[in-house]
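Okay, structure first, notes after.
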Amino acid sequence: MFDVAIFTALGWERRAVTEALRAVEPAGRPRTWRGRLADGASCLVVQTGIGPARAAAAAAAAPPAGAFLACGCAGALVDWLVAGDLVAAESVIALGADGRPDERLPGVGAGLAAWAAGRGFRVHAGALVASPVVLGTAAAKAALGATGALAVEMESGALAAAARARGVPFAALRAVLDAAGEGLPASADVIDEATGEVRAVRALAAIALRPRLWPASGRLARQQRVAARRLGAIMGALEVAALAAPTEAATAAGG
Numbered sequence: 108m109f110d111v112a113i114f115t116a117l118g119w120e121r122r123a124v125t126e127a128l129r130a131v132e133p134a135g136r137p138r139t140w141r142g143r144l145a146d147g148a149s150c151l152v153v154q155t156g157i158g159p160a161r162a163a164a165a166a167a168a169a170p171p172a173g174a175f176l177a178c179g180c181a182g183a184l185v186d187w188l189v190a191g192d193l194v195a196a197e198s199v200i201a202l203g204a205d206g207r208p209d210e211r212l213p214g215v216g217a218g219l220a221a222w223a224a225g226r227g228f229r230v231h232a233g234a235l236v237a238s239p240v241v242l243g244t245a246a247a248k249a250a251l252g253a254t255g256a257l258a259v260e261m262e263s264g265a266l267a268a269a270a271r272a273r274g275v276p277f278a279a280l281r282a283v284l285d286a287a288g289e290g291l292p293a294s295a296d297v298i299d300e301a302t303g304e305v306r307a308v309r310a311l312a313a314i315a316l317r318p319r320l321w322p323a324s325g326r327l328a329r330q331q332r333v334a335a336r337r338l339g340a341i342m343g344a345l346e347v348a349a350l351a352a353p354t355e356a357a358t359a360a361g362g
């Protein structure tokens, strides 16, 4: 049994995590690694690929773990979040196929943010939206403003549901990639959804033939580096106590 199972969708997200952990080695299955947190707690890292269906499948196949952590990037839904800002889920609002809120699932974001503050990291705790599709435009993100959520991503709804089914705490820790008023310039097919890795040739071709995308693509690349750096920094310090359920966290704080 692992102390924590960590799930990332994209290759660069996973690399930010595994490069920050200790004693990392392949775990014997495709796109899985084992390692240790800063306090020595054992962890499994799974690169799930993109979307809730792949996240659900990865969670179902994961061995027993004391907590689930969704880790990676998100798009901001509020205008005061900028690239690299960290967000932890107090709850996850899962959208249905019609794009409307379908379910609200619990997270331990408040405890994670409090733990982070005690170690010099600023993490904003609040709701995350889990969308079944990529929201590539500022207008699409603005339409979610009524949810009151801080940011949007794709996998946390499925992972939170899997954690609830197993009876373990769920945490989501996301670094903002794109601000609320920004879109995603590249077309979706430049990323292999099954693996979460960039298709380099397609990406270069898509950008090279569209000069109008060059400024936005350059901006996104810079913001990705910032997000990866901030994510790696906090993951390098992470301790399993940060992911405890509220009653467990209170017990630990009381000695």
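Numbering-wise (the working numbering), the sequence shown opens with residue 108 and increments by one. All C-beta atoms, glycine included, are put in the ideal place defined by N, C-alpha and C. As the structure is a prediction and not an experimental result, all values here were calculated from the model.
Separation of residue j from residue i, as counted between CA atoms
i	j	result
residue 357	residue 222	Interpretation of residue 357 is limited by its pLDDT of 46, a score under 50 that renders its predicted location unreliable; the figure taken from the coordinates is listed afterwards. Those two C-alpha atoms are separated by around 12 Å.
residue 130	residue 124	12 Å
residue 284	residue 186	13 Å
residue 336	residue 350	21 Å
residue 200	residue 127	29 Å
residue 151	residue 292	32 Å
residue 360	residue 270	Interpretation of residue 360 is limited by its pLDDT of 49, a score under 50 that renders its predicted location unreliable; no figure is taken from the coordinates.
residue 348	residue 277	13 Å
residue 176	residue 243	24 Å
residue 224	residue 230	7 Å
residue 119	residue 342	14 Å
residue 227	residue 352	22 Å
residue 148	residue 273	20 Å
residue 362	residue 248	Low confidence applies to residue 362: its pLDDT is 45, below 50, so where it sits in the model is not reliable, and the reading given next is rough at best. Whole-angstrom Cα-Cα distance: 43 Å.
residue 110	residue 334	25 Å
residue 281	residue 114	11 Å
residue 345	residue 112	13 Å
residue 241	residue 340	26 Å
residue 136	residue 324	33 Å
Anticipated Cβ contact below 8 Å, residue i with residue j, distance rounded
i	j	result
residue 235	residue 196	4 Å
residue 116	residue 179	6 Å
residue 165	residue 155	4 Å
residue 286	residue 160	Incorrect: roughly 28 Å between the Cβ atoms, too far for contact.
residue 288	residue 245	5 Å
residue 212	residue 267	4 Å
residue 214	residue 279	6 Å
In DSSP terms, what residue i is bridged to
i	result
residue 278	176
residue 283	181
residue 233	196
residue 210	201
Start-to-end residues for the beta strand (DSSP E) that takes in residue i
i	result
residue 140	139-143
residue 151	149-154
Residue i - containing alpha helix (DSSP H), residue span
i	result
residue 254	It is not in any alpha helix (DSSP H) - residue 254 carries neither H nor E in the DSSP assignment.
residue 159	159-168
residue 124	118-125
Please confirm if the stretch 198-217 is in contact with the stretch 136-149, defined as three or more CB-CB distances below 8 Å between the two stretches.
no
Three or more C-beta pairs under 8 Å: does that hold for the stretch 182-201 against the stretch 213-229?
yes
Meets three-Cβ-pair contact criterion under 8 Å: the stretch 168-179 and the stretch 325-333:
no
Is there contact here, the stretch 226-235 with the stretch 255-275, by at least three beta-carbon pairs under 8 Å?
yes
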